[in-house]
Every structure is written in structure tokens, then in C-alpha cells.
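Numbered according to this note's numbering, the sequence shown spans residues 637 to 1620. What follows is one structure encoded as C-alpha cells, with my remarks underneath.
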Amino acid sequence: MQAAPERTPEAHDMYYILHTKLGFTEEAAATLVDQQGLDDKDELVEFDDELMDGTCKAVRKPSSGQDGHQIPEIAAHRLQLLVYFAKHRERTQRELNIRVTELHALLVLKDQRTMEKNWTKQNPVHKPDAVVLDAQWAATAFDQAVTTLRRLRGVTGIPLSYVVHHKIFPYQDEDEGDIPCGEANSKYQTIDEELEARAPILTFRADYEDYDPLKTDKYEKTGPFHPSFLANTKKVWSVLHAMWGTSGVWTHVKSFDKMQNGRQVYRTLMRHFFGGNKVSTMMTGVHTTLRTLTYSGDTKHFTFDKYVMNHVNQHNIADRLTDYGAAKLDEHIKIDYFMMGIKSSEFDATKNSVTANLDNFTDFDAIKNLFVEFRCLQHASRLAGTSCTIASVGRDGGRGGAGRGGGGRGSGPVRRVKNAPYEEQKKKIPTQAEVDRCTHIVNKKYPDEVYRNFDEAEKQKLWQLWHPGQTPGTDASSTPGKRKVSALRSAVDDDNDNKSLFEDDADADIAKGSNRDNPALKRRVQTTRILKTIRTIRLTTRKITNVTSNDYNVLGETTLELDSHADTCVLGRDALIVTNYDRPVEVEGYNRALGTKRYDTVSGALAYDHPHTGEVLLLVLHQAIHIPHLDHHLLCPMQCRVNDVTVGETPKFMVANPTDKTHALTIPDDDNPTRAVHLPLALRGVTSLLNVRKPTLDEWDSDNIYRYHLTSETQTWDPTMTLYEEQEAAMLDHHGYIAHPNDAPMRGQLVINELTSLTTDTADFTDDDNFHVVLQSRVQVSSIGTSETGHFKTKQTKPINHQTLSSRWMISPEKALQMINVTMQRGVPTCLNPTLAARYPTNDRQLRYRRLPHTLFSDTMFAGTASRRGNKCTQIFAAPNGWMRAYPMKRKGEAHKALSLLFHRDGVPPTMVLDGSKEQTQADFRQKLREADCYLRQTEPYSTWMQGAEGAIRELKRGVSRKMINTGAPKALWDHCLELEALI
């Protein structure tokens, strides 16, 4: 038998743990240490699962005349855990002592190893959505970024959030020998938390002799960085660029794009928003918000639950600011703000009880839960969404109504509330003499703000004028008014106030026992006392003799519902109508037997109270149909999408990976492209909707309320045009699938003198797909069957018919009809309300520019030589009849400037046909087309024969080549010659 080689102390330690703790036999452990090179703890980190399996197979297999050694599967699995344990110690910058390592320390990491191994499979990587990064949403944006990074793993399995940790030496202020996660008294609750706090950023640690704490800024810029950190910081840069790259503040970190340093991007933007005294300013904003939050009773869009949620949200913002140096929000301050904001009298008993025993409630969550539980007790018998007005309560009769016109005396005695003086209750009922003295009240409908200031006699007078000859309290419709729930309670008798709240013998025994000084016990007993007081408030069972319900909506609260069957947006009665386009339409419903009705095309505004932030937004709908009797509004998704509003119609619970844009309206901001608002849609049955209301004039005139335009104001909306359905059909082949590029080989570049032409794939007309497309584009179908669907459809009409025009101008009806058919007046809004401050945009492109009669094609032509003026490409505009224009450019991103020159010099076509390039279908080019009321039409992908500008480019190249060769002009003057050839 071959003698065992002399082992180093590290090799002895490895042999010891393999044999005594992991379960290897003496021979297998000796082979791993002496022959397989597993003789040092530093060798462990170089192994992975695949290499370790191969090593164990080599030990089991006989070789060189020696028998193989058995290795139990459990021992091989424990060895893999030992390898992972060694790597984990390195990731958390802890020393590894093999001899003192116990088996339970390895088993603690078993689940973490399995999770990291399957992380990518169970958590597929998705490109994060762009978020708003400005001063208002900075704290939320940074919190979302850290949350996103925690869901992603680096090259060594560490959550990427460690890259943006606020300390370059995360452990420099901590005890170096702190207890690892999984052991007793460890401060880390999860292993990921430990990794985020202790993962290495630099190649040396803070306790090394060459570390200088005064050079922290230098280390942030130049390192030396750990190799895994250099790889992970690029991943972080990609995530942050996807989230914040469209924000205006990204300019401040543009210098880090070349190196893709995600940590420096995060730190720079952090200093931009939270540096200096900005954190203190934001903390002051939290205090101001908490101080101004009030609750005076439930409304449709603001309930007590939302009041509590708003407080908790501000607390969360304050907690995030503590990471940036802000002082922690004290619990007593949270409680004071919370209780001072509650103005509703229904919580008076709870507030008084808490105030009297405030020493026992030092935690905000305890106070919050107490109020929430009291709220549940108060409203346990109420059904959600049901409301009525109780007009009279009594055994035989009583007062009639608290609504408008109510307040009459019934035939029975007045029901007295316990502990309320009878004379005081009786004073609230006006006598007939008092009612007769209200001669200033006339029979009309008063505004709500005026009616609320009426006293009982004036209300009774108005009711009698509305209902002559009727006795109050005998008509079921005698009290119209807004819906309201009347809760009838009886207070606790005066003689019960002196009784002990400790009626429960068990609570009394506990309070008098030896554990009376226990703070937790005192807190539980105090809570029990308060809840007993609350439960003494009972709803008194009474006979309700007169109940009324009215659908009149005083606040103008209604809904904006998605309706794909509506070809145009519709505004109902509860909308602020701003302008009239003098373009009436004929509306036809789902049943033709009902006929058509004529309605106006208007611009209107709706107020939206954000359910999560409480922010008021104004939603403006242009070119919508106004139906005054409709109690809700309809939103045409297609009309919104044409205005670049993203409409997510699929409910979130039906999507595998929902985002903020799922089942929501995403509206871009024209003034700030980096700011976009997500309006989450609600479901009522199966209808997606937004809860909106009619805005007030003050809200419309306010400069502090954002306005978002759901539909376009300038581009004429015509739902009957076939432009959209043709573009949609062009996206599919004849099999019904998305059209993809052909596999035909690419041709080389065509060089004509100094100009080059970039070509696309050659079309094979013998291919079935291409043959179908060519036939479809060249063959006219003689008959087409049509079907009509939808809730209603519209047909635009003229505001003045030819008979009226004939009588006014004293011309023949034939000439008047011809005049109406051939004339069009664009962009003429009429303000319907002279009290509105209507601010019309200064854009008048659709009026000051001439209108061209033909559709134009446009494409970008590239040159192989830069001209004398620095131009490298040209934007070509061509008409089917051979008319064309050329505008040289320095780069293709200036295509929108060429479009402006075309509009100014020549005019605006009805439609512009383009290919799918970004510079022509997005940003400024698309916006200018819309403002000039020019429709954009995109050609079918990979179908150059459909682009009329390609033929114009071919002819321009031929003409330019001939002229420059004949005249001997230098190549640098090609742009002058191209403009001349286009004009000719």
C-alpha cells in the first residue's frame, strides 16, 4: 500500500471535515485531499457542481490498478454545500475556518443555494418600465429602483441592490465578527439582507492597513474594484437607464454611459435630489402633508380607509428619507397628526378615550388599529353602496325629511332622542307662522350652495311651494336631495357613566392581580375597556315611516367607461363643455328603428381624483359628441391611441406579469415627455371605467392642476375613414400571421457617381406570400359585403344646410349645395360659456398653410459624400403625379425640419405615406403632422414597391448624375443639384 504523503495543516483540516463531518470514508477523503487537489480551503471556491460531480466520479472509478472508493450520495451533496459555504463566506467577506465549521452551518444555506440555482428559471428577466424621476416622485423612483434591483441577481448570485449601497465599505461601522444569518442573535433576518450589506465592492476590506478612510471619494471613482462588482455595475446601469433614461435629469449622468457605471449614476442622481438641504425640505413636505390631511366623513372618492392609507404612505416616505440622513418621524407626532385630522363626530368617543389614556398608546399602529376596529363595528350593518334618505322616524308620525324641501311636521308625536332636552328638539321644528314669514323664498330650484345655507323654516317654505296641498310626511317623494345614510343611535344613559367598565370578572381579577404593572397587560386591558365603551353604542330599532331615494347627483360624480363599439368619445351631462367645433353629427344607436339624432361636437373636461394619491387631474376630451341627457361618458380607445395615449384594457388579474400600464390609461405629458401619468381602471361588472366628476370653474382656471388631453385637438377625427383598417390589414400575411422579412439574399449597394442607395430585400413574386400581397395591392374587388356592429355610429354633417345658405346669400339651392360640399373651415372653436377662461393654443398650422390636393410619399435618401454645407442625406417628398421636393439634411434626425419647410413653402397634404423609420413615425415629425391635420400612413413592412418616394429617388439620382457629369461639377455640390432637379 502506498504511503500517504505528508500533508500541510490546511490539508489536515480538509481531511478532517471530509471524514468526520461530511461522511466520506477514510480512503475517499484521502484521495480527494492527496490526489484531487482538494487540500486547501482556497481550492473550494474554484469548484462548481459540475466539476464536483466529475471529481467524485473519478474517486469512485478504479484506475492504475487501484480500486475505486465508495462515496455516499449524501456525502457528495454535503461537499457541494461546503463549496457553496466557502463561496458564501467570500461573498460576505468573512474568514473561513474549515476545522471549526459545523454541519448545521452548511445546512442553513441549503434552501438559499437551491433558490439561487433556480432563480433565473423562476424569475425571468423583464425590461423594467420607465418611471417618473423628478423632485416630486424622487423618493418613490429610488425605492422602485432598489426594489427592482433586489429581484435581479449578479454574476455571483448576490442581489444587484448591493451595488447602490450607500457605503462603499458596508460593514465599516459594524462589528467585524457579527453573527451570520441563521445563527442565534443574528441581526440579519434573511441571507439576501446579509449579502446586500456585506457584498464586496472593493478588492480590499476596511480593516486592511492600506485602507485610508479619507480617500473614500477616490475609491468611489478609481477603486480598486472587485471583479464581480465591475460586471454587476454594468447590469445596474442597464436597469437604471431603462427606468430613468427618458427623464430630463439623465443629462447629469450622461458621462457615465461610456463606462456604464451604475453605482455612480445612482449616487450622482441621489445627490441631485437629496443632496444639501433637499432632504430636510422633503421631510418638511411630509410634515405639511400630514398636518393638512383631514377626515370629516365618507365621500364617494375619499373614505376613512383612504385617510389611513394616506397617513401610512407619508410614514413610508419618511422612513425612506431616513436612509438619506433625515430624522426619524416620532411615533407621538404620527399619533398627533392622525388624531388632529379626524374631524368627524363619530370618532369623538374613541378620541376621548385615547386622549385620557395616551400613555398606554405609544405606537401609531395600535392607535390606527383601534380606530379601524371601531369603524368596522360602526359600519358592520351597512351594505356597501346602498344609501337612502330617512325622511321621518317615529311610532305614528314625525318630521318629514332632511333633504331639500323637507322639514314639515307629521301627524304623530315627535320622537325624542335620549339625553337630549325635549324643548331643544322641539325648537328645530318651525311653526307655520315662521314658514309664512319667509316671503323671499320663491318656487324655483336653488343652487346647492345656496340651499345648504337655508334654515329649517326656509326649507319648509320651499317644500310647501313645491308640493301645494300636501301634508309634510305623507308623500314618499317629499324630500328630494342627494343620497345620504342616516344613522340613528341612542347614547349611553347618564346613570351608566359612573359604572365600572370592569364588569368582566376575569379582567377585574387581572387588573387587581400581581401582574397589574405589566405594560403589555395594561395595554390589552385598556383596549378592552375602550371597545366595551364602543359596544355600548347601539342602533335603536325604530319604525321608519318615510324613506326616499333620489338619483340626483349634486357633485356631478359619474364614470368614464371604455367602449370599443363607440367610434367617437361621448360626453354626458356631468362634463364641463369648453368649446364647440360647429361640426354636428348624426348619431345612430344600436337599433335603427330608433332613428338618428343630431348632437354637437365639442371639447370638454372631466375631473379625476386619483384614488391613491388624492391628486386632482383634468382630463380633456377634444372632438367628442355631447349628449346632454347621458348620465355617464364613453371613451373610444381608438381615438385615444391615435393621440399616443396607451389604453390597457385587459384586467390585471388576467395578465401573467402585470405592470403599471396594465388595465390603465397611460397619458404622456406634452410639456414634459419624461412625465407620464398612469390612471388605473376599475371594473364594474365587466366594464372598465374611471370614476370622474364635473370640474369646477376654479379647477379649470387653476394653473396648479395638470391637464391631460385624451384625444387630439388639431387632427380631424373621422371614424369612417379606411386608413386604420388598411394599415392593420397590411401587418398580416394571407395566413393571418405577422408579416416577416423574406430570406432572399441582400443585394450590394448601388453606387451612382457620388450617391449610394440603401436597398432592402429583393421581393420574390413567385412566393405565395408576396404573390398574395401584390394581387391585393393591384386588383380591385368589384363587390364587398359589409356588416355593422357597435352601440352607435356617427355621420358628420354641416352646421348649416344648403337651404339656409341659399336664403341667406340669395343664391340657388344648387349653388349653395355645391358651396357646402367643396368648402371646409378648420380649427374654429366656439366658446360655449363666456365665464370660462378658454386658452386656445397658438398653433394654427392647419389654417395658415395651404392645402395640397394629393397624398405625398416621403423617404430619406443617403449620400456617400458629405456636401459643402455638411449635408449627408436628403428628405424626399413625392406625389403620385411626379411632383417632388428635396430638402438636404446633416442627419436623418432633422426630418421634422424638412417637414416644416414643406408645409411653409408648398403646403400640407391630406395624408403622408412613410415607412417604419423612427425619425419619421415618432417624436417631432409625428407631432407636426398631427398639428397640421395631416394623417400619417405607414407602408407595409419590407414592401418597398408600396413607397412612391422610392421611384422619385431613382429618377432624382439619374437626373443629378447626368447634370453633374455633363457640367463637371464637384461632388461636394450634390445637394444643390438635387434641390434643382426636384424643382424641375
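We treat Cβ as the ideally placed atom computed from N, Cα and C, and that holds for glycine.
Three-state secondary structure (DSSP) at residue i?
{"i": "P1524", "result": "strand"}
{"i": "N952", "result": "helix"}
{"i": "T644", "result": "coil"}
{"i": "M1274", "result": "helix"}
{"i": "R1343", "result": "strand"}
{"i": "H1612", "result": "helix"}
{"i": "V1417", "result": "Its pLDDT being 35, under 50, V1417 is placed unreliably in this model, and the coordinates cannot settle the point."}
{"i": "K1607", "result": "helix"}
{"i": "L674", "result": "coil"}
{"i": "F892", "result": "helix"}
{"i": "C817", "result": "coil"}
{"i": "L1619", "result": "helix"}
{"i": "V1544", "result": "strand"}
{"i": "S883", "result": "coil"}
{"i": "I734", "result": "coil"}
{"i": "S981", "result": "helix"}
{"i": "T656", "result": "helix"}
{"i": "G1077", "result": "A quick correction: the sequence has Ile, not Gly, at residue 1077. In the structure shown, I1077 sits in coil (DSSP, three-state: anything other than H, G, I, E or B)."}
{"i": "L1488", "result": "coil"}
{"i": "D1495", "result": "strand"}
{"i": "N1186", "result": "Reliability fails at N1186, whose pLDDT of 43 lies under 50, so the model's placement of it is uncertain and the value that follows must be treated cautiously. Note: N1186 maps to coil in three-state DSSP."}
{"i": "H862", "result": "coil"}
{"i": "P1304", "result": "strand"}
{"i": "A1292", "result": "coil"}
{"i": "N1216", "result": "strand"}
For residue i, tell me which candidate among the options has the shortest Cα-Cα distance.
{"i": "L838", "options": "F940, D995, G859 and Q716", "result": "G859"}
{"i": "S699", "options": "Q671, E679, D675 and D685", "result": "Q671"}
{"i": "L620", "options": "H862, A1514 and H1612", "result": "A query on residue 620 cannot be resolved here, the shown segment of the chain reaching from 637 to 1620 and no further."}
{"i": "V948", "options": "T925, S1348 and N996", "result": "T925"}
{"i": "R1234", "options": "L1441, E1222, Y1571 and N1517", "result": "E1222"}
{"i": "Y1485", "options": "H1540, A1260, A666 and V1283", "result": "H1540"}
{"i": "T691", "options": "I707, D703 and L1101", "result": "I707"}
{"i": "I1077", "options": "L965, T1067 and E1094", "result": "E1094"}
{"i": "A833", "options": "L1441, D814, V1252 and N821", "result": "D814"}
{"i": "F1561", "options": "I1601, M1520, Q1511 and L1592", "result": "Q1511"}
{"i": "G884", "options": "P1516, S1348, L769 and L1271", "result": "L769"}
{"i": "L1270", "options": "H1201, E662, V1322 and H1314", "result": "H1201"}
{"i": "M1317", "options": "K693, H1299 and E1070", "result": "Per the sequence shown, residue 1317 should be read as Leu rather than Met. Nearest C-alpha to L1317: H1299."}
{"i": "D848", "options": "F865, F805 and L831", "result": "F805"}
{"i": "D1280", "options": "D1305, A666, H1268 and G1225", "result": "D1305"}
{"i": "Q950", "options": "A963, G933, Y931 and K970", "result": "K970"}
{"i": "T728", "options": "P816, I1601 and R1594", "result": "P816"}
Can you name the residues that DSSP bridges to residue i?
{"i": "S1442", "result": "In DSSP, S1442 forms no bridge with anything."}
{"i": "H1262", "result": "L1207 and D1236"}
{"i": "I1374", "result": "L1368"}
{"i": "S1324", "result": "L1319"}
{"i": "Q1100", "result": "None; Q1100 has no bridge partner."}
{"i": "Q702", "result": "S699"}
{"i": "Y1244", "result": "L1253"}
{"i": "A1514", "result": "F1493 and M1520"}
So is the beta-carbon of residue i under 6 Å away from any non-hydrogen atom of the ligand MG?
{"i": "I1447", "result": "This structure lacks the ligand MG; in fact it carries no ligand of any kind."}
Runs of alpha helix (DSSP H) lying entirely within the region 909-951, each at least 4 residues, in chain order: Counting whole runs of 4 or more residues, the region 909-951 contains the alpha helix (DSSP H) stretches 914-928.
Under 8 Å, with one C-beta from each stretch per pair, do the region 1545-1558 and the region 1569-1586 reach the 3-pair mark? With the rule of 3 Cβ pairs closer than 8 Å, the region 1545-1558 counts as touching the region 1569-1586.
So, do the region 859-871 and the region 822-833 have three or more beta carbon pairs nearer to each other than 8 Å? No, because fewer than three Cβ pairs between the region 859-871 and the region 822-833 fall closer than 8 Å, the two stretches do not touch.
Determine contact between the region 787-798 and the region 866-875, defined as no fewer than three beta-carbon pairs at a distance below 8 Å. The region 787-798, when compared against the region 866-875, does touch it at the 8 Å Cβ threshold.
Does the region 1284-1292 come into contact with the region 1202-1210, if we say contact requires no fewer than three beta-carbon pairs (one atom in each stretch) closer than 8 Å? no
Under 8 Å, with one C-beta from each stretch per pair, do the region 933-943 and the region 994-1002 reach the 3-pair mark? no
Give a yes or no on contact between the region 1601-1617 and the region 1486-1506, applying the rule of three or more CB pairs nearer than 8 Å. Output reads yes: the region 1486-1506 touches the region 1601-1617.
Would you list, in sequence order, the uninterrupted beta strand (DSSP E) runs of no fewer than 3 residues that lie entirely inside the region 1566-1605? 1571-1574
Can you check the region 756-809 for any alpha helix (DSSP H) of at least 4 residues that lies completely inside it and give the ranges in chain order? 774-786
Below 8 Å, can you find three or more Cβ-Cβ pairs linking the region 1272-1285 to the region 1367-1375? Judged by Cβ distances under 8 Å, the region 1272-1285 makes no contact with the region 1367-1375, as fewer than three pairs qualify.
Decide if the region 1561-1570 is in contact with the region 1583-1592; the criterion is three or more beta carbon pairs, one per stretch, under 8 Å apart. no
Evaluate the contact criterion for the region 785-794 versus the region 752-759: three or more CB pairs, one atom per stretch, below 8 Å. yes
Between the region 671-686 and the region 704-724, can you find at least three pairs of beta-carbon atoms closer than 8 Å? yes
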